[in-house]
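When we follow my numbering, the leftmost residue of the sequence shown carries the number 242, and every step to the right adds one. Notes for the one structure printed next.
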Amino acid sequence: MASAASVGSLLDEVSCPICQGTLREPITIDCGHNFCRGCLTRYCEVPGPEPEEALACPLCKQPFRLAGLRPNWQLASVVENIERLRLEPMPGPDEEDSCGEHGEKIYFFCEDDETQLCVLCREAWAHRTHTVRFLEDAARPYRVGVCLPNSVSTRATQLRGKIEGGEVTPWPLLLPLQSQVASKRQKVIFEFACLSQFLEEQQSVLLAQLETLDADIVKQRDEFDVLASEEICRFSSLISELEGKSQRPARGLLTVSLAPRRAFRSSLEVTRELSSLSLWAFPAALLSLDPQTSHPKLLLSEDHQRAQFSYKWQSSPDNPERFDRATCVLARGGFTAGRHTWLVKLDLAHGGSCTVGVACEGVRRKGELRQRPEEGVWAVRLAWGFVSALGSFPTRLALEEQPRQVRVSLDYEVGWVTFANAVSREPIYTYTASFTQKVFPFFGLWGRGSSFSLSS
Numbered sequence: 242m243a244s245a246a247s248v249g250s251l252l253d254e255v256s257c258p259i260c261q262g263t264l265r266e267p268i269t270i271d272c273g274h275n276f277c278r279g280c281l282t283r284y285c286e287v288p289g290p291e292p293e294e295a296l297a298c299p300l301c302k303q304p305f306r307l308a309g310l311r312p313n314w315q316l317a318s319v320v321e322n323i324e325r326l327r328l329e330p331m332p333g334p335d336e337e338d339s340c341g342e343h344g345e346k347i348y349f350f351c352e353d354d355e356t357q358l359c360v361l362c363r364e365a366w367a368h369r370t371h372t373v374r375f376l377e378d379a380a381r382p383y384r385v386g387v388c389l390p391n392s393v394s395t396r397a398t399q400l401r402g403k404i405e406g407g408e409v410t411p412w413p414l415l416l417p418l419q420s421q422v423a424s425k426r427q428k429v430i431f432e433f434a435c436l437s438q439f440l441e442e443q444q445s446v447l448l449a450q451l452e453t454l455d456a457d458i459v460k461q462r463d464e465f466d467v468l469a470s471e472e473i474c475r476f477s478s479l480i481s482e483l484e485g486k487s488q489r490p491a492r493g494l495l496t497v498s499l500a501p502r503r504a505f506r507s508s509l510e511v512t513r514e515l516s517s518l519s520l521w522a523f524p525a526a527l528l529s530l531d532p533q534t535s536h537p538k539l540l541l542s543e544d545h546q547r548a549q550f551s552y553k554w555q556s557s558p559d560n561p562e563r564f565d566r567a568t569c570v571l572a573r574g575g576f577t578a579g580r581h582t583w584l585v586k587l588d589l590a591h592g593g594s595c596t597v598g599v600a601c602e603g604v605r606r607k608g609e610l611r612q613r614p615e616e617g618v619w620a621v622r623l624a625w626g627f628v629s630a631l632g633s634f635p636t637r638l639a640l641e642e643q644p645r646q647v648r649v650s651l652d653y654e655v656g657w658v659t660f661a662n663a664v665s666r667e668p669i670y671t672y673t674a675s676f677t678q679k680v681f682p683f684f685g686l687w688g689r690g691s692s693f694s695l696s697s
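Structure, rendered in structure tokens:
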């Protein structure tokens, strides 16, 4: 019995050049080539670029006549006998080798369009003037191009043998990468450990501050309770005394001698006189602003008695004494003892503000400065419509009028820093502190067009 390979070879001999399948109703044309009746009919129906042009054989391009078509009954019988000898069905045309437009097997390659063509595509007018070659002939230059030289092939064979034998390993390339990964891992662990430690320290500090505030609140509550108890006892005694007097007879009530009427002065007058005695009696300090400490946005006058805010930075050296973030300036000299007072005249533009007070010698000059006693600053801030005391928590003050001139008084030994309205002599605020360093008059300014000047 014939082998499958032999039958397959015979089937190739009796296959249609157009559909690449077994001949069905084979037809012979003038040049002697055979085609399926259906395939040749569809081929003849494809129009050419010139309607009057004669039909040509799909394989040899020899012209043929439709009248010369004749059935090949003998070949049809051979095809039928070969199909009977097949041991197993032959595979159909591969879909990947078929033309997407006509469904025919791809046989040619157009070098102009760089596309693969079937027989019907080759005869279409779009490719008749192009250079068309068989697939195998067109692929031959590429096969030669991809062939490796003998030296390269030998080297690749040797390298594959070393890899299979374990002589070549990827460890020399992977070890540096593993070292880098380990180093990065240690760095991440260390940085997160430092961050965790910093957060724990900050938590401890904040919790300690909250504990201190809570203790202060409890202390103030206890003091209020004691004071309230004393006042309640005093009022109870007065009520008891009044009730006892109300039980006296009418004669006794009418014979009680009245004390002579005395005129008392108002508390406001007494407060103003005390303020004048305590603040205005301090010796006046002759101040001048220190240009070595002024922020580059503060413009100082030639006599260093006036400062004005400007958004334009001045070309000032970045010395250690200069404020580089907070728009502030200190006065020259400073104080380590005694009583001193000075006057600050304000000229604030809309939206501007001015801070006046004192600061210790070690106050922060670089970076952000929180103006509060814990940072070495005892000051008040004056802005449009309000005045705030810059304590541990800023407090807005209720004043009768907005000060335009502020007198600052310092008692170093007692630890008082007092602020008052220089015109109405209304007290503004008083700090109590314990000074251990030299303190300097402190000024801050913000807002285009805002300024202040010094006066004794």
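Ideal Cβ positions, reconstructed from N, Cα and C, are used throughout, including at glycine. All figures in this text were calculated on a predicted structure; none of them were measured in a lab.
Quick one: does the C-beta of Ala380 sit closer than 7 Å to a heavy atom of the ligand FMN? Within the structure as shown, the ligand FMN is missing, as the structure has no ligands at all.
Phe660 vs Val647 beta-carbon contact at 8 Å: Working through the sequence shown from its first residue, we reach residue 660 at position 419. Working through the sequence shown from its first residue, we reach residue 647 at position 406. Taking 8 Å as the cut-off, the beta carbon of Phe660 is found closer than this to the beta carbon of Val647.
Trp619 (DSSP reduced to helix, strand or coil): Looking up residue 619 in the sequence shown gives position 378. Reduced to three states, the DSSP call for Trp619 is strand.
Roughly how many angstroms lie between the CA atoms of Asp565 and Pro537, to the nearest whole one? Here residue 565 refers to the residue found at position 324 of the sequence shown. Here residue 537 refers to the residue found at position 296 of the sequence shown. Our two residues, Asp565 and Pro537, have alpha carbons roughly 8 Å apart in a direct line.
If I'm right that Trp687 touches Phe550 with Cβ under 8 Å, what's the distance once you round it to whole angstroms? Position 446 of the sequence shown, counting from 1, holds the residue named residue 687. Position 309 of the sequence shown, counting from 1, holds the residue named residue 550. That belief holds up - the Cβ atoms of Trp687 and Phe550 are roughly 6 Å apart, short of 8 Å.
Whole angstroms are fine: how far does the CA of Thr673 sit from the CA of Asp652? The residue given as residue 652 occupies position 411 in the sequence shown. The residue given as residue 673 occupies position 432 in the sequence shown. Asp652 and Thr673: Cα-Cα distance of roughly 10 Å.
Spatial neighbours of Gln303 in its chain, beta-carbon cut-off 6 Å, leaving aside the 5 residues before and after: By 1-based counting over the sequence shown, the position of residue 303 is 62. In the same chain as Gln303, and ignoring 5 residues on each side of it, the C-beta atoms closer than 6 Å to its own belong to Cys272, in chain order.
Quick one: residues in its chain with C-beta nearer than 8 Å to the C-beta of Ala365, no 5 flanking neighbours on either side, listed in chain order? Mapped onto the sequence shown, residue 365 falls at position 124. Around Ala365, the same chain offers Val287 as residues with beta carbons nearer than 8 Å, after the five sequence neighbours per side are excluded.
Out of curiosity, what's the CA-to-CA distance linking Gln650 and Thr582? By one-based count along the sequence shown, residue 650 stands at place 409. By one-based count along the sequence shown, residue 582 stands at place 341. Per the sequence shown, residue 650 should be read as Ser rather than Gln. Rounded to whole angstroms, Ser650 to Thr582 spans 4 Å at the Cα level.
Proximity below 8 Å, CB of Leu587 to CB of Ala663: As a working mapping, residue 587 is identified with position 346 in the sequence shown. As a working mapping, residue 663 is identified with position 422 in the sequence shown. Not closer than 8 Å, so no.
Neighbourhood of Ser516 by C-beta distance below 7 Å, restricted to the same chain and skipping five residues each side: Numbered from 1 along the sequence shown, position 275 holds the residue referred to as residue 516. With a pLDDT of 48 at Ser516, under the threshold of 50, the modelled position of this residue cannot be trusted; read the value that follows with caution. By the criterion of a C-beta distance shorter than 7 Å, Ser516 is surrounded in its chain by Ala661, Arg666 and Pro668, once the five residues flanking it on both sides are discounted.
Distance between Arg363 and Cys257 (C-alpha atoms, nearest Å): As a first step, residue 257 is located in the sequence shown; it is residue number 16 there, counting from the start. As a first step, residue 363 is located in the sequence shown; it is residue number 122 there, counting from the start. Looking at the two C-alpha atoms, the distance is approximately 16 Å.
Name the DSSP beta bridge partners of Arg547, please? Numbered from 1 along the sequence shown, position 306 holds the residue referred to as residue 547. In DSSP, Arg547 forms a bridge with Ser694.
Simplified DSSP state of Gln314, which is helix, strand or coil: Walking along the sequence shown from the start, residue 314 turns up at place 73. For clarity, residue 314 is Trp in the given sequence; the question names Gln instead. Trp314 falls in the helix class under three-state DSSP.
Going straight from the alpha carbon of Thr568 to that of Gln443, what length do you get? Within the sequence shown, residue 568 is the residue found at index 327, counting from 1. Within the sequence shown, residue 443 is the residue found at index 202, counting from 1. Straight across, the Cα-Cα distance linking Thr568 with Gln443 is about 28 Å.
What is the rounded straight-line gap between the Cα of Glu482 and the Cα of Ser470? Counted from its first residue, the sequence shown places residue 482 at position 241. Counted from its first residue, the sequence shown places residue 470 at position 229. As the crow flies, the alpha-carbon of Glu482 is around 18 Å from that of Ser470.
Same chain, Cβ closer than 8 Å to Glu641, five either side skipped, listed in chain order: Taking the sequence shown and counting its residues from 1, one reaches residue 641 at position 400. Here the set comprises Ser665 and Glu667.
Buried or exposed (CB count within 10 angstroms, at least 16 for buried), Leu530: For this step, residue 530 is matched to residue 289 along the sequence shown. Looking at its Cβ environment, which holds 16 or more other Cβ atoms inside 10 Å, Leu530 is buried.
Classification of Ala456 by the beta-carbon crowding that lies within 10 angstroms, buried from 16 upward: Taking the sequence shown and counting its residues from 1, the one referred to as residue 456 is at position 215. Exposed, by the Cβ-count rule.
What first and last residue would you give for the alpha helix (DSSP H) that runs through Tyr284? By 1-based counting over the sequence shown, the position of residue 284 is 43. Run containing Tyr284: Arg278 to Glu286, per the alpha helix (DSSP H) assignment.
If Ala548 sits next to Phe693, beta carbons under 8 Å apart, how far is it from one beta carbon to the other, in whole angstroms? In the sequence shown, counting from the first residue as 1, residue 548 sits at position 307. In the sequence shown, counting from the first residue as 1, residue 693 sits at position 452. About 6 Å; that satisfies the 8 Å criterion.
Comparing C-alpha positions only, which one of Ser633, Phe375 and Ser691 sits nearest to Glu615? Indexing the sequence shown from 1 puts residue 615 at position 374. Closest by C-alpha distance to Glu615, out of Ser633, Phe375 and Ser691, is Ser633.
On a CA-only basis, which of Leu571, Glu562, Asp544 and Leu540 is nearest Ser556? Give me that one, please. In the sequence shown, counting from the first residue as 1, residue 556 sits at position 315. Nearest option by C-alpha distance: Leu540.
Assuming Leu701 contacts Cys595 under a Cβ cut-off of 8 Å, what Cβ separation, rounded to an integer in Å, is found between them? What the structure shows of the chain is the stretch from 242 to 697, and residue 701 is not part of that stretch, so it cannot be assessed.
Between the Cα of Asn313 and the Cα atoms of Leu307, Ile268 and Ala295, which residue gives the shortest distance? Reading the sequence shown from its first residue, position 72 is the one you call residue 313. When only C-alpha atoms are compared, the closest one is Ile268.
Considering only their Cβ atoms, is the gap separating Cys351 from His371 smaller than 8 Å? Along the sequence shown, read from residue 1 onward, the residue named residue 371 stands at position 130. Along the sequence shown, read from residue 1 onward, the residue named residue 351 stands at position 110. Yes. Within cutoff.
With distance defined between alpha-carbon atoms, name the residue in Gly575, Thr398 and Phe276 nearest to Phe676. Along the sequence shown, read from residue 1 onward, the residue named residue 676 stands at position 435. For Phe676, the closest C-alpha among the options Gly575, Thr398 and Phe276 is that of Gly575.
Take Asp353 and list the residues in its own chain whose beta-carbon comes closer than 7 Å to its own, dropping the five residues that flank it on each side. Along the sequence shown, one-based indexing puts residue 353 at 112. Cβ neighbours of Asp353 beyond the five flanking positions: His371 and Thr372.
Tell me which residues share the same chain as Ile323 and place their Cβ nearer than 7 Å to its Cβ, disregarding the 5 neighbours each side in the sequence. Along the sequence shown, read from residue 1 onward, the residue named residue 323 stands at position 82. If we look at Ile323 and ignore the five residues flanking it on each side, its Cβ neighbours are Val248, Leu251, Leu252 and Val255.
If distances are taken between C-alpha atoms only, which option among Lys460, Ile259 and His274 comes closest to Leu316? For the purposes of this step, residue 316 is taken as residue 75 along the sequence shown, with counting starting at 1. Ranking Lys460, Ile259 and His274 by Cα distance to Leu316 puts His274 first.
Assumed close pair Val320, Thr263 - CB separation to whole angstroms, cut-off 8 Å: As a working mapping, residue 320 is identified with position 79 in the sequence shown. As a working mapping, residue 263 is identified with position 22 in the sequence shown. About 6 Å separates the two Cβ atoms, so the contact holds.
As a quick exercise: from Leu400, Thr671, Arg325 and Arg645, pick the residue whose alpha carbon is nearest that of Val655. The sequence position of residue 655 within the sequence shown is 414, counting from 1. Checking every option, the nearest Cα to that of Val655 belongs to Thr671.
Where are the alpha helix (DSSP H) runs, 4 residues long or more, that stay fully inside the region 341 to 384, in chain order? Listed in chain order, the complete alpha helix (DSSP H) runs (minimum 4 residues) inside the region 341 to 384 are 360 to 364.
DSSP three-state call for Ile259: helix, strand or coil? Stepping through the sequence shown from its first residue, residue 259 is reached at position 18. Coil.
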